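J.: Chains as they are written, first to last, in our numbering: chain R, 1474 to 2046; chain V, 6 to 495. Backbone N, C-alpha and C define an ideal beta-carbon position, used for all residues, glycine too. The model shown is predicted, which means the values in this text are computed figures rather than measured ones. After the structure tokens below, expect a handful of questions from me.
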Amino acid sequence: MDFKTFLENFDAIAEAPGGIPKLRSLILDLAMRGKLVPQNPEDDPAFELIEKVRFTKKHLINDKKIPKPKNLDSIKDSDLPYEIPQEWLWVRLGEITKLLEYGTSEKASEVRDDVPVFRMNNIQNGKLLFDNFKYVSQSIKDLPKLYLQNGDLLFNRTNSYELVGKTGLFRGESNCYTFASYLIRISLFSEYISSEFVNLVINSSYFQQTQIRPEIVQQCGQANFNGTKLQNTLIPLPPLAEQKRIVEKVDELMGLCDRYEAAKKTRDNLRQKLRGSAIASLMNAETDEELDVAWAFVRNNWHNLSQYPEDVNSLRQSALKLAFQGRLTQQFTETPSASELLKAIQEEQEEPVTKKNSRKKNTLDPLNCPGIFDVPQAWKWTYLDFVCEQIGDIDHKMPTAVTQGVPFLSAKDLKDDGTLDFSDPKYISEEDYERLSRKIKPRKGDIIYSRIGAKLGKARLVEVNTTFLISYSCCLIRPKYQFINVKYLRYFLDSKLALEQAISSTQSIGVPDLGLGAIKQYKIPYPPLGEQKRIVAKVDELMQLCDQLEASLRQSQQRAESLAASAINHLTI
Amino acid sequence: MSLSATIKSIQDIMRKDVGVDGDAQRIGQLGWMVFYKIFSDQDAELELNDDNYDSPLPLDLRWDEWADSERLGKNAPTGEDLLKLVDGQLFPTLKELAVEDLDGIALERAKLLRSVFEDAYNYMKSGTLLRQVVDKINESIDFNQSQTRHVFGDIYEQILKNLQSAGNAGEFYTPRAVTQFAVDMVNPQLGEKVLDPACGTGGFLTCAYEHLKKQANSPEQLERVKQSILGVEKKQLPHLLCVTNMMVHGIEVPTTVRHDNTLRKPLRDYGREDQVDIVVTNPPFGGMEEDGIERGFPTEFQTRETADLFLVLVMELLKDGGRAAIVLPDGTLFGEGIKTRIKQKLLRDCNLHTIVRLPNGVFSPYTSIRTNVLFFTKGTPTTEVWYYEHPYPPGAKSYNKTKPMRIEEFDAEKAWWEKREETEYAWKVPVETIVANGYNLDIKNPNAPGNIHEDPVELLKQYQEAVIKAENDRQALKNSLVATLERGES
């Protein structure tokens, strides 16, 4: 990606999930390539710095101030990760450090004592946090040798794989703090090398990816990176003046990232709150005027209310709920009315009941079903069982799967887009189909309703003329078509209104399932037929709106994510 | 070496021994050894301070006489000799300890010693390994060191943690913060009897004792306090640990801690003389009792859930005006059927004034179940229940081994306790609501942030401002990047 495209899409990249961390790492990597600040030919070149470091080091060794260091690997051209400006130099970390030391292995305790100990948790985002200390006594044998000095870096050598290598810079009073043994102290020649700069190098993603990750040894769930390896990592070294300019620039840009990140967070939280409150006022509206106001608000702020695809779901559910409260449609006087329809069902039912397969008399009275909330006067509440021909499932015995035969759908084949998925079902043999389908035979116009597992409470209309069967993770619901609109019924079953009834009646913990008994007793708002149809039309329209919104949000999110990834990996400047 | 490291290395030694099989036996072995060590230490102290005290221990069997290898040097028995001493002398003698000539405190202590050794068993078959264990114990557990007393709870933590089967019978180590908080709120007073009918390793009892000890002004009062801390534990091992725990806290003769099952005695057989002023307990939950236990209860309360049985029992064991704090799982709060009847009785006979809802993970790693501390006073019916939802400390998402619950976290509840008002965490529910809800006590926090919706129009304004700010900040970042990089390019 070139710089121009990057700038054109900057907003999308920054807004993508994980966009800001990606920008931060981009800034650091640019800094490490010498692209962030211009080189100045007047600066003393890096090789002169190294000469001075070597000279000072030799003196310190001669004076026995520091031990003689181990030999470092020589640098071959093939080791170099990328090109750097002329004035810079690749050096091994060991070359510019006085000492690399492991921290104290003395047991630290939470009881306040003389010396606070920095531990791996104190290293966050390149900084050291001065809290959650443990303490050791001043008298332990590692002190005063392991007192931290202002400007020391602490490198985390043992942690979980992702966290090994995180490093923080100590800026504070010398000789007051110490550090734990799974940290390595890097003490630099601060007259020639900026600690802040080396801290940036070690925390940059190029360094982590090329110098640390490949050399990590994993054992027993712990990942390790030792001091010898650390000495031999490669550092791109600019002139001292440039080191300082880079640090300053990175600080400035990171500061801007911080501000933007905070503002984004505030904004996103407010949007969540706004959506919650807009939907709540829609749901809680008591008069038609209140409803109109609340609805207008949602309608006008459609795009403010959802920014992420997941946000759309609550809009869907609230639309459904309003539909079942009769608030999306106007009520007219219809014949037959809802109660006439229910009576007709009852009359029709009385005949088969007198036959020999008469069931025990149901104690629930479908003509006087209590409501869950208020519905328009012309509506009634009734039980699901009453408006359905059949609610049933197959024998609870898993048939053997075969490679060809009758499709055997389960809850997983109920797709999120509202359809049934016949593309990758299990198959069962004809014989099994004959045997198992004695109780139920799904056909076009039925509703398949999932009742077990994580995907429970989804209803899908059968829209094809295929012979198939469903596993007992679903049940078949066949409405009395002349009395209830099948799409209306499907919307009801798919809504939270149905699921919440089911959940409140189960007490099971763990994998939930809905019993047929509970499903049959769902209370369903029952408008006259004409209105059912109008509700379906209205809900169809709203659902389509939601689908479009979700799709476009998802698309732009994906685009932004891939843009961000490609910007960070392939930005050419 | 820290205590938990000591325990770990002791367990490692025992693992090598052919006689010790499984964690339960390892802990059993460690249990009696630590008990005996502490008993002997305490004996030495008593003899020093009390001229009338006549130790029930035979001289040559005292811990120091055979265990202290620092003092005995090469003469310290090991190998076959040590095994002979322990199996051939120590156990037979202590099991049959003669108590006839003793009286007073010495008699009580002798009885205690005998009863412990009747139940205990030396599993170890290698004298050499036994010697190593003994030396480890000597190295790190010194009863006369206040620091050891202080961290003794750690031993239990470690022991129980290593007891893999912990939780099978529903027994969990109650975090110190919870016991301390419960006791502080129930606030036992001098002269009141405190009971834990399922005392486990004695967490509540030691807290109650420390609480009362602060109030005692004279040795006589302190003596009475020691007599007023009552506990019952069903299992032998926790009972032994509890007794040891009490001794560590300075109760020389913890005879008030009985090894028994409180549920076994039929409810109707509990009389006025069994009633106490205070009950603090964390009954086992999810556990099953042996068949027939529930038949000791009236038909309407018969259930196999031990937590529910204990709740019924606690109501019975309280005097009129008696106070209780009991830790119960969420299941009891929302459960129906028999649980409903028990809750009905609770609200009718007692004033259930407070329920503190604890977050997940308080009992980790034993169970992640959500629990509650119920506070009630017997004698007056409930009129309203105050709920307090205990939040995690700032920044924490759960509790774990390195970040357990701390007593300071309850400071907010303590401050709220006397001056109650509805807050983000606290709310009040009138008893009528609960009754109308079918005695469901599992009531969600209505004041939790996120439940209150502000005016959407006002929010929209704030949101739009936030959008603009984010846009400006993004633009600033972009501009700065452009300025930097284009200069870099030129």
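Just confirm the distance between the C-beta atoms of residue 412/V and residue 186/V, as a whole number of angstroms; I'd bet it's less than 8 Å.
T.: Indeed they touch by this definition, with Cβ atoms about 7 Å apart.
J.: Can you look up residue 1996/R in the DSSP assignment and give me helix, strand or coil?
T.: In this structure, residue 1996/R counts as strand in the three-state DSSP scheme.
J.: Verify the CB distance criterion: does residue 2006/R have a CB-CB separation below 8 Å to chain V?
T.: False, the Cβ-Cβ gap to chain V never drops below 8 Å.
J.: Going by C-alpha distance, which of 14/V, 85/V, 97/V and 53/V is nearest residue 66/V?
T.: Selected option, being the one with the closest Cα: 97/V.
J.: Let me check one thing: in DSSP terms, what residues is residue 377/V bridge-paired to?
T.: According to DSSP, which records beta bridges pairwise, residue 377/V is partnered with 333/V and 362/V.
J.: Buried or exposed: residue 23/V, going by 16 or more other Cβ atoms within 10 Å of its Cβ?
T.: That one is exposed.
J.: How big is the Cα-Cα spacing for residue 12/V and residue 1780/R?
T.: Taking the straight line from one Cα to the other gives about 55 Å.
J.: Helix, strand or coil for residue 1532/R, going by three-state DSSP, please let me know.
T.: Looking at residue 1532/R - three-state DSSP - the assignment turns out to be helix.
J.: Hey, does residue 1484/R have any beta-carbon neighbour from chain C nearer than 8 Å?
T.: Structure shown: chain C not included; protein chains present are R and V.
J.: How about residue 479/V: is its C-beta nearer than 8 Å to some C-beta of chain R?
T.: Answer yes: the Cβ-Cβ gap between residue 479/V and chain R drops below 8 Å somewhere.
J.: Kindly say whether residue 459/V, judged by its beta-carbon, lies nearer than 8 Å to any beta-carbon of chain R.
T.: Judged by the 8 Å Cβ criterion, residue 459/V is in contact with chain R.
J.: Would you kindly report the start and end of the unbroken beta strand (DSSP E) that includes residue 74/V?
T.: Where residue 74/V is concerned, there is no enclosing beta strand (DSSP E), although the alpha helix (DSSP H) it sits in stretches over 74 to 77.
J.: Output, in chain order, the set of chain R residues within a Cβ distance shorter than 7 Å of residue 467/V.
T.: Chain R residues near residue 467/V: 1743.
J.: My guess is that residue 390/V and residue 436/V are in contact by the Cβ rule of under 8 Å, so how many angstroms apart are they, rounded?
T.: Correct: roughly 7 Å between the Cβ atoms.
J.: Would you grab the beta carbon distance between residue 1638/R and residue 1681/R for me? Rounded to a whole angstrom, and I think it's under 8 Å.
T.: Right, their Cβ atoms sit about 5 Å apart.
J.: How about residue 200/V: is its C-beta nearer than 8 Å to some C-beta of chain R?
T.: Chain R contact via Cβ: absent.
J.: Check each candidate in 1807/R, 1814/R and 1752/R and name the one with the smallest Cα separation from residue 1786/R.
T.: Nearest C-alpha to residue 1786/R: 1752/R.
J.: Since I believe residue 241/V is in contact with residue 124/V (beta carbons under 8 Å), could you give me their beta-carbon distance rounded to a whole number of angstroms?
T.: Between residue 241/V and residue 124/V the Cβ distance is about 5 Å, and since that is below 8 Å, they are a contact.
J.: Counting only runs that start and end within the stretch 369 to 446 of chain V, where is the beta strand (DSSP E) found for 3 or more residues in a row?
T.: Fully enclosed beta strand (DSSP E) runs of 3 or longer: 376 to 383, 389 to 394 and 431 to 435.
J.: Would you call the stretch 1575 to 1583 of chain R and the stretch 1652 to 1671 of chain R touching, i.e. three or more CB-CB distances under 8 Å?
T.: Judged by Cβ distances under 8 Å, the stretch 1575 to 1583 of chain R makes contact with the stretch 1652 to 1671 of chain R, as three or more pairs qualify.
J.: Whole angstroms is fine: what's the gap from residue 1755/R's alpha carbon to residue 2016/R's?
T.: Going from the Cα of residue 1755/R to the Cα of residue 2016/R covers about 17 Å.
J.: Can you tell me where the beta strand (DSSP E) with residue 237/V in it begins and where it stops?
T.: Segment 234 to 238, the beta strand (DSSP E) holding residue 237/V.
J.: Residues of the stretch 1505 to 1531 of chain R in Cβ contact with chain V at a cutoff of 8 Å, in chain order, please.
T.: Here the close residues are 1508, 1509, 1510 and 1511.
J.: Spell out whether any CB of chain R is found under 8 Å from the CB atom of residue 483/V.
T.: Chain R, which has a Cβ nearer than 8 Å to the Cβ of residue 483/V, makes this yes.
J.: Quick check on the DSSP output: the beta strand (DSSP E) that includes residue 1571/R runs from which residue to which?
T.: Run containing residue 1571/R: 1570 to 1575, per the beta strand (DSSP E) assignment.
J.: Based on Cα-Cα distance, which residue from 16/V, 221/V and 318/V lies nearest to residue 270/V?
T.: Among 16/V, 221/V and 318/V, the Cα nearest to that of residue 270/V is on 318/V.
J.: Taking the C-alpha atoms as reference points, what is the distance between residue 1623/R and residue 1600/R?
T.: Approximately 13 Å, taken between the alpha carbons.
J.: Which residues, in chain order, does the stretch 343 to 372 of chain V contribute to contact with chain R at a C-beta distance below 8 Å?
T.: Hits within the stretch: zero.
J.: Where do the N-terminal and C-terminal ends of the beta strand (DSSP E) with residue 264/V fall, by residue?
T.: Unbroken beta strand (DSSP E) run through residue 264/V: 262 to 264.
J.: Kindly indicate which residue of 285/V, 384/V and 417/V has the alpha-carbon position closest to the one of residue 399/V.
T.: With distances taken between Cα atoms, residue 399/V lies closest to 417/V.
J.: So which of 79/V, 45/V and 80/V has the shortest CA-CA distance to residue 64/V?
T.: When each option's Cα is compared against that of residue 64/V, the closest is 45/V.
J.: With 9 Å as the limit, tell me which residues of the stretch 1723 to 1734 of chain R have their beta carbon closer than that to any beta carbon of chain V; keep them in chain order.
T.: For the stretch 1723 to 1734 of chain R, which is checked against every Cβ of chain V, the residues closer than 9 Å are 1725, 1726, 1729, 1730, 1732, 1733 and 1734.
J.: Drop a sphere of 10 angstroms on the beta-carbon of residue 103/V, count the other beta-carbons inside from all chains shown, and report buried for 16 or more, exposed for fewer.
T.: Classification for residue 103/V: exposed.
J.: Just mark residue 1515/R as buried or exposed, buried being the case when its beta carbon has 16 or more other beta carbons within 10 Å.
T.: Residue 1515/R comes out exposed.
J.: Tell me whether residue 186/V sits in a helix, a strand or coil according to DSSP, three-state version.
T.: Helix, per DSSP.
J.: Taking DSSP as the reference, what is the three-state secondary structure of residue 1752/R?
T.: Correct three-state label for residue 1752/R: helix.
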